[in-house]
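Residue numbers (our numbering): 7 to 301.
C-beta atoms are modelled at their ideal positions from N, C-alpha and C, and glycine is treated no differently.
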Amino acid sequence: MSKDYLQRLVFEHISARAVVVQLDEVVDEVVSRDSYPPAVAALLGEALLVVALLSSGIKFQGRVSLQLQGHAGLKLLMADCTNDGGLRGIARLDDEAGLPGERDELFESLARDGILTLTLDPSDGGQRWQGIVPLEGASLANAVESYFERSEQLTTRVFLGQEAGKAGALMLQQMPGASDDPDGWNRLEQLASTVKPEELLELEARTLFQRLFHEEQCRLFEAHPLRFDCPCTRERVVNVLVSLGQAELTALAEEQEVVEVKCQFCNEAYHFDAVDVAALGHEGDTADSSDPTIH
Ligand SMILES: [Zn+2]
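Written out as structure tokens, the structure is:
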């Protein structure tokens, strides 16, 4: 089985579900795309865990995205996950020197005036939905818990663990509807909060669920693989460049011997030399001359 996956479970007599995510290669893939300071890399890893957890609940084709914005050196941190497990993430810094060195301090400084935005973005024609709340709590896990409390009135517990490029998470969430077992949620919450960070990283989801909830009646779903995935292609970048128009393209080519365009989401760099840029200009011409409205 893939080392990057999610697995979920629902409880039979309690309106609640649990999800486990484990990430290994994906965190490396995302973090190695830029030279992030360790605290930023750690927070980015946590954001990837969170969107992977949340992707388990979406019922459309598309992506769920998490953004953290603040003013304390880290301008923007975002991660998203598609319904079929494609993850990507990026952080933008504006003052690396002023950044706190530890993840907890970084989060604390972000939480002073930051905001958390969660976006559900269907690609199948459904309505885009966005929730924005002040970033609060002592950690990203806390912030996500209070997000759900505020905006969905769903009590949620999130546990995130990370070490040496590996990351693991557990989410326990109430579901709408009454439970047959009135004390069930409290019991689940207590069981979940016994989870240790090393268990999130080292135990397989099935084993972890078994260890925590072995006395509960539940239904375990199949594990789903997760992977790094950004939908950018050279072709999409070409379209963006062509849309700039000939004059702008020529100016760019005069400025730089090789024009570099970086995907803002995955940092993939696309290069265009003078010959490429000239060809792009012609593509623009062809597009114009084939436009029936100008004849
Ligand atoms: Zn990309």
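Check, Outcome
"Applying the criterion that 16 or more other CB atoms from any shown protein chain within 10 Å of the CB defines a buried residue, is T88 buried or exposed?", "buried"
"Could you tell me which whole beta strand (DSSP E) segments of length 3 or greater appear in the region 34-66?", "none"
"When the Cα atoms are used, what is the spatial distance from G95 to M84?", "5 angstroms"
"Measure the CB-CB distance between L232 and L12 and report whether it falls below 8 angstroms.", "yes"
"Hey, V33 and A149 are a contact pair by Cβ (cut 8 angstroms); roughly how many whole angstroms apart?", "19 angstroms between Cβ atoms; not a contact."
"Any idea if M181 is buried or exposed, counting beta-carbon neighbours within 10 angstroms, 16 or more meaning buried?", "exposed"
"Quick one: what's got a C-beta closer than 6 angstroms to V56's C-beta in the same chain, skipping five residues either side?", "L72, V150"
"Could you work out which residue in C236, F66, D101 is closest to W135 when comparing CA atoms only?", "F66"
"Which word fits K138, buried or exposed, when buried means at least 16 other C-beta atoms lie within 10 angstroms of its C-beta?", "The displayed chain sequence assigns Ile, not Lys, to residue 138. I138 should be labelled exposed."
"DSSP state of V25, grouped into three classes?", "strand"
"According to DSSP, what are the bridge partners of K268?", "A275"
"Between which two residues does the beta strand (DSSP E) carrying G68 extend?", "68-75"
"Using a Cβ distance threshold of 8 angstroms, determine whether the region 41-49 contacts the region 263-281, with at least three qualifying pairs required.", "no"
"Roughly how many angstroms lie between the CA atoms of L166 and F227, to the nearest whole one?", "21 angstroms"
"Can you tell which of S21, A103, T200, L124 has the C-alpha that lies nearest to the C-alpha of S152?", "L124"
"Is it buried or exposed for E263, if we count other Cβ within 10 angstroms and need 16 for buried?", "exposed"
"Of the choices V283, A285, V248, D235, whose alpha-carbon is the least far from that of E31?", "D235"
"So G79 and L60 are supposed to be a Cβ contact under 8 angstroms. How far apart are they, rounded?", "Contact doesn't hold; Cβ gap of about 26 angstroms is too wide."
"Which value, in whole angstroms, describes the spacing of the CA atoms of A184 and V16?", "14 angstroms"
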